[in-house]
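A.B. asks: Here UniProt numbering is used: the first residue of the sequence shown is 1, the next is one more, and so on. One structure, pasted below without further comment.
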Amino acid sequence: MRGANLFKDKFHSLTKKLHPSVYYALPPIALLCLFFFPLFFTSSPPYNNLTYSIPVNNHSSLSSSTSPGEKEKVYENPCDYSNGKWVRNKRGPLYNGTTCGKIKKSQNCITNGRPDSSYLHWRWKPSRCHLPRFEPNTFLQLIKNKHVAFVGDSLGRNQIESLICMLTTASKPKGVHHEGSQLYHFGSHNSLSFYWSPFLVEGAQRKSRGPHYNTMYLDHVNMRWARDLDQMDLIVLSFGHWFSVPSVYYEGDKVIGCLNYPGLNCTNIGFYGPLRKALRTALNSIIERKVIKGNGIGVIMRTFSPSHFEGVWDKGGTCSKNGPYRKGERKLEGVNAEIRHIEIEEVENAKAKAKQFGGFRLEVLDITKIALLRPDGHPGAYMNPFPFANGIPEYVQHDCVHWCLPGPIDTWNEILLEMMRKWEEQTAKE
Numbered sequence: 001m002r003g004a005n006l007f008k009d010k011f012h013s014l015t016k017k018l019h020p021s022v023y024y025a026l027p028p029i030a031l032l033c034l035f036f037f038p039l040f041f042t043s044s045p046p047y048n049n050l051t052y053s054i055p056v057n058n059h060s061s062l063s064s065s066t067s068p069g070e071k072e073k074v075y076e077n078p079c080d081y082s083n084g085k086w087v088r089n090k091r092g093p094l095y096n097g098t099t100c101g102k103i104k105k106s107q108n109c110i111t112n113g114r115p116d117s118s119y120l121h122w123r124w125k126p127s128r129c130h131l132p133r134f135e136p137n138t139f140l141q142l143i144k145n146k147h148v149a150f151v152g153d154s155l156g157r158n159q160i161e162s163l164i165c166m167l168t169t170a171s172k173p174k175g176v177h178h179e180g181s182q183l184y185h186f187g188s189h190n191s192l193s194f195y196w197s198p199f200l201v202e203g204a205q206r207k208s209r210g211p212h213y214n215t216m217y218l219d220h221v222n223m224r225w226a227r228d229l230d231q232m233d234l235i236v237l238s239f240g241h242w243f244s245v246p247s248v249y250y251e252g253d254k255v256i257g258c259l260n261y262p263g264l265n266c267t268n269i270g271f272y273g274p275l276r277k278a279l280r281t282a283l284n285s286i287i288e289r290k291v292i293k294g295n296g297i298g299v300i301m302r303t304f305s306p307s308h309f310e311g312v313w314d315k316g317g318t319c320s321k322n323g324p325y326r327k328g329e330r331k332l333e334g335v336n337a338e339i340r341h342i343e344i345e346e347v348e349n350a351k352a353k354a355k356q357f358g359g360f361r362l363e364v365l366d367i368t369k370i371a372l373l374r375p376d377g378h379p380g381a382y383m384n385p386f387p388f389a390n391g392i393p394e395y396v397q398h399d400c401v402h403w404c405l406p407g408p409i410d411t412w413n414e415i416l417l418e419m420m421r422k423w424e425e426q427t428a429k430e
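Here is the structure:
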């Protein structure tokens, strides 16, 4: 483990490169895309990177609330956390909109007037193993003197904000500004950051004033995050939703195809192939820029998070269910299944490529099926404060992509922590 002074130097070096940060505005309405799959983002956020510095409670152990018997139960055999069911939980979440001041207004569902709180009282129960409740001090201890970077789209940002709220139950952050960047300091040498990179590769998102299509360079990694690879110890990747927007794809600086944009003279090639190439470029870049040099790193590919729009997309599709889907009520299929399949397959290909190099861990955080079963966990109409205070308007904007905080997305970080625990134990045995 590296010394605190070295990490501190790297942290300050990183923060000097960060871009201005302000809040990202959600889009006005879903867009009909390939296979009628809606996309819910219309422009890139004004800020790009967020960095958080978090303290460690040195008096906590790595298993502060997990007995030896439980640890053996968890790690004796590999656990498939993706198979299980949502069960009732009286205990509720670790935090709320009052105790965590880092929740975006558009995801603070209870504060925005959502009348039901039943969605907060479900817990994911894997079929064949135990998923412990999140332990903030354990997480902080595991990332001591390390930099954990979340790279990707707004679902990645949604996840890191959930994580920050869970961690602040152990230590309260102080918001400061550093050279135009928004930082959260907890007084020690832990660092969490978010890099906005919805394609993972170089590109430009469509703009409301034009051009009305994405541009992607599938063989060029996005240097916005890749330039800081030497300062990262763990990367959590998140992407997919931006790929169903009309796009033009480049490879070798030449147009190789496009997606759903009749005004362009190019072949419509869909988005599955480009998505696969973009992920492959990102993973290869990590291997080439970090692993081959002999520098260890952990990479976690968080799989695609399904949306839950119901009804006709251009008539104000909603997500108004008040509980999880029952067993057999919803199947993983179509776009959700295909993107997840591509992500898992490319991770396996990258693991095979980097097999001869030491210090490289690459795994999938498979949340697609878990998230699919929770149509009740989105802000819906409560992305805005008290949308029905003056009666029922003709049109109500709904967010059926992102997740309420607190909410089902907290489970993703519980699984993330267990993956990190497993890695720590494996390292100790090596």
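Heads up, the beta-carbon is just placed ideally off N, CA and C, and yes, glycines get one too. All values reported here derive from a predicted model rather than from experimental measurement.
Can you list the alpha helix (DSSP H) stretches of 4 or more residues lying completely in the stretch 252-335, in chain order?
C.D. replies: 272-286
A.B. asks: Where does Asn89 fall in DSSP's three states?
C.D. replies: coil
A.B. asks: Pick out the complete alpha helix (DSSP H) segments inside the stretch 110-195, 4 residues or longer, and give them in chain order.
C.D. replies: The alpha helix (DSSP H) runs lying completely inside the stretch 110-195 and spanning 4 residues or more are 136-142 and 154-167, given in chain order.
A.B. asks: Should Gly203 and Tyr213 be called a contact, given that it needs their Cβ atoms to be closer than 8 Å?
C.D. replies: no
A.B. asks: Assuming Ile415 is part of the alpha helix (DSSP H), what are its boundary residues?
C.D. replies: Ile409 to Lys429
A.B. asks: Applying the 10 Å Cβ sphere with the 16-neighbour rule, what's the burial state of Glu346?
C.D. replies: Its Cβ being crowded by 16 or more others within 10 Å, Glu346 is buried.
A.B. asks: What residue from Ala149, His220 and Glu343 has the CA that sits closest to Phe194's CA?
C.D. replies: Considering only alpha carbons, the answer is Ala149.
A.B. asks: How do the stretch 394-402 and the stretch 144-164 stand: do at least 3 beta-carbon pairs fall below 8 Å, yes or no?
C.D. replies: yes
A.B. asks: Is it true that the stretch 339-353 meets the stretch 268-280, where meeting means three or more beta-carbon pairs spaced less than 8 Å apart?
C.D. replies: yes
A.B. asks: Are the beta-carbon atoms of residue 481 and Ser285 separated by less than 8 Å?
C.D. replies: One cannot answer for residue 481 here, as it falls past the ends of the chain, which runs 1 to 430.
A.B. asks: Just verifying my parser: in three-state terms, what is the DSSP assignment at Phe360?
C.D. replies: strand
A.B. asks: Using CA coordinates, which residue listed in Gly294, Ala337 and Leu131 is at the minimum distance from Cys79?
C.D. replies: Of the candidates Gly294, Ala337 and Leu131, the one whose C-alpha sits nearest the C-alpha of Cys79 is Leu131.
A.B. asks: Express the C-alpha separation of Ile409 and Asp230 in angstroms, rounding to a whole number.
C.D. replies: 29 Å
A.B. asks: Closest by CA to Lys293, which one among Ile269, Gln356, Pro324 and Phe304?
C.D. replies: Gln356
A.B. asks: Assuming Leu234 is part of the beta strand (DSSP E), what are its boundary residues?
C.D. replies: Leu234 to Ser238
A.B. asks: Which residues share a DSSP beta bridge with Tyr217?
C.D. replies: Looking at the DSSP assignment, Tyr217 forms a beta bridge with Glu202 and Tyr250.
A.B. asks: Name the two residues that bound the continuous alpha helix (DSSP H) containing Met223.
C.D. replies: Met223 to Ala226
A.B. asks: Pick helix, strand or coil for Asp230, following the three-state DSSP scheme.
C.D. replies: helix
A.B. asks: If you drop the 5 nearest sequence neighbours on each side, which residues of the same chain put their C-beta closer than 7 Å to that of Ser82?
C.D. replies: By the criterion of a C-beta distance shorter than 7 Å, Ser82 is surrounded in its chain by Asp366, Lys369 and Ile370, once the five residues flanking it on both sides are discounted.
A.B. asks: Put Gly377 into one of helix, strand or coil per three-state DSSP.
C.D. replies: helix
A.B. asks: Using the Cα positions of Phe386 and Thr98, report the straight-line distance between them to the nearest angstrom.
C.D. replies: 17 Å
A.B. asks: Can you list, in chain order, the residues of its chain whose CB lies under 7 Å from that of Pro324, leaving out five sequence neighbours each side?
C.D. replies: Trp86, Trp122, Leu373, Arg374 and Asp376
A.B. asks: Report the option in Phe360, Gly113 and Leu167 whose CA atom is closest to the CA atom of Tyr382.
C.D. replies: Gly113
A.B. asks: Return helix, strand or coil for Leu94, following the three-state DSSP convention.
C.D. replies: coil
A.B. asks: Whole angstroms are fine: how far does the CA of Gly263 sit from the CA of Pro246?
C.D. replies: 11 Å
A.B. asks: Do you know whose CA, among Arg128, Cys109 and Ile110, lies nearest Gly84's CA?
C.D. replies: Of the listed residues, the one whose Cα sits closest to Gly84 is Arg128.
A.B. asks: So His147 and Ser191 are in contact, right, with Cβ under 8 Å, and what is the actual spacing, rounded?
C.D. replies: 4 Å
A.B. asks: Would you say Gly252 and Ile269 are within 8 Å of each other, going by their C-beta atoms?
C.D. replies: no
A.B. asks: Which class does Leu365 belong to by DSSP, given the choice of helix, strand or coil?
C.D. replies: strand
A.B. asks: Quick one: what's got a C-beta closer than 7 Å to Ala226's C-beta in the same chain, skipping five residues either side?
C.D. replies: Ser285 and Arg289
A.B. asks: By the 10 Å Cβ neighbour count, where 16 or more other Cβ atoms means buried, how is Ile392 classified, buried or exposed?
C.D. replies: exposed
A.B. asks: Going by beta carbon distance, what residues of the same chain come within less than 6 Å of Val396, once the five residues before and after it are set aside?
C.D. replies: Ala381 and Pro387
A.B. asks: Determine the contact status of Ser413 and Ser171, defining contact as a CB-CB distance below 8 Å.
C.D. replies: First, the amino acid is wrong: residue 413 is Asn here, not Ser. Against a cut-off of 8 Å, the Cβ pair of Ser171 and Asn413 comes out as no contact.
A.B. asks: Among Asn158, Pro198 and Ser118, which residue has its Cα nearest to the Cα of Leu405?
C.D. replies: Asn158
A.B. asks: With the cut-off set at 8 Å, would you say Ala339 and Gly273 are in Cβ contact?
C.D. replies: The sequence shown places Ile at residue 339, not Ala. No, the pair does not count as a contact, with Cβ atoms beyond the cut-off.
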